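Student: This note's numbering puts the first residue of the sequence shown at 35, with every later residue one more than the last.
Glycine included, each C-beta is placed from N, C-alpha and C at the ideal position.
Source: prediction; values computed, not measured.
Please read through the structure below; I'll follow up with questions.
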Amino acid sequence: MCLTCQIINEGIIPPGGIVYKDELIILHHCLDINIAGYFILSPIRHVESIEQLNQNELFQLAQISKRITEFLICESDIDRVYILSLGEETSHFHFHLFPRYNWMLKFPDENIRINRKIDGAKLFSFIRNRYKTDKQEQHESKILAMTTHIREKIMTSSE
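Written out as structure tokens, the structure reads:
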């Protein structure tokens, strides 16, 4: 069973637990990167690429991506949210919702810029490598606070 399917079936519990889940999609914090607000958004159904999604799944992924991005942008020190899909570590299709904090822009140019401009892909890779952790227990309290906060925002915004 793939990593995402294990999370869906509660065989693996992400930091802060499941943030949002309905019959079509699931949202949880990234398992192994210590960056508060770095979420993974996936369809419940195991598909391996975007073209395999049905219209309802695609619509729900877009709706939740938009809402989470709006919530994260309102947070202090987050000025942008990258949304990307790579599919290299797990075959289950998913989106990375990666907050770009202002402090991330203070690293040396060779780590995050090309021709003095921020390179989102380079920044994403650099931060993922720098803040990777091997154990769920190592996650910071900021991650738990962020998952709780976003879960509450989702619940109150849908009422």
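With a threshold of 6 angstroms on Cβ separation, who are the neighbours of His105 within its own chain once the five nearest residues in sequence on each side are excluded?
Tutor: The residue you call residue 105 lines up with position 71 of the sequence shown. Checking the sequence, you will find Phe at residue 105 rather than His. For Phe105, where only same-chain residues beyond five positions count, the Cβ hits under 6 angstroms are Ile184, Lys187.
Student: Since I believe His63 is in contact with Pro48 (beta carbons under 8 angstroms), could you give me their beta-carbon distance rounded to a whole number of angstroms?
Tutor: Locating residue 48 in the sequence shown gives position 14, counting from the first residue. Locating residue 63 in the sequence shown gives position 29, counting from the first residue. With 8 angstroms as the limit, Pro48 and His63 qualify as a contact, their Cβ atoms being about 5 angstroms apart.
Student: Write down every uninterrupted run of the beta strand (DSSP E) in the region 140 to 187 whose length is 3 residues or greater and which is fully enclosed by it, in chain order.
Tutor: none
Student: Near Gly71, which residues of its chain fall below 6 angstroms by C-beta distance, leaving aside the five closest residues on each side in sequence?
Tutor: As a first step, residue 71 must be located in the sequence shown, where it is residue number 37. Once the five neighbours on either side are set aside, the close Cβ partners of Gly71 are Leu106, Pro133, Met180.
Student: For Arg79, name the three-state secondary structure that DSSP assigns.
Tutor: As a working note, residue 79 is residue 45 in the sequence shown. Correct three-state label for Arg79: coil.
Student: How is Phe127 classed by DSSP in three states: helix, strand or coil?
Tutor: Walking along the sequence shown from the start, residue 127 turns up at place 93. Reduced to three states, the DSSP call for Phe127 is coil.
Student: Does the region 53 to 61 come close enough to the region 94 to 103 that 3 or more CB-CB pairs lie under 8 angstroms?
Tutor: When C-beta atoms of the region 94 to 103 are compared with those of the region 53 to 61, three or more pairs fall below 8 angstroms, so the two segments count as touching.
Student: Which one of Glu44, Lys176, Glu174, Ile84 has the shortest CA to CA distance from Ser125?
Tutor: For the purposes of this step, residue 125 is identified with residue 91 of the sequence shown, where counting begins at 1. Looking at the Cα atoms, Ile84 is the closest of the given residues.
Student: Pop quiz: Asn68 and Glu144 are said to be a contact at Cβ under 8 angstroms. What is the actual Cβ separation, rounded to whole angstroms?
Tutor: As a working mapping, residue 68 is identified with position 34 in the sequence shown. As a working mapping, residue 144 is identified with position 110 in the sequence shown. About 23 angstroms; that fails the 8 angstroms criterion.
Student: May I have the straight-line CA-CA distance separating His80 from Leu37, to the nearest angstrom?
Tutor: Your numbering for residue 80 matches position 46 in the sequence shown. Your numbering for residue 37 matches position 3 in the sequence shown. If you take the alpha carbons of His80 and Leu37, they lie about 11 angstroms apart.
Student: Could you spell out the range, first to last residue, of the beta strand (DSSP E) harbouring Leu61?
Tutor: What you label residue 61 is simply residue 27 of the sequence shown in a count that begins at 1. Run containing Leu61: 59 to 63, per the beta strand (DSSP E) assignment.
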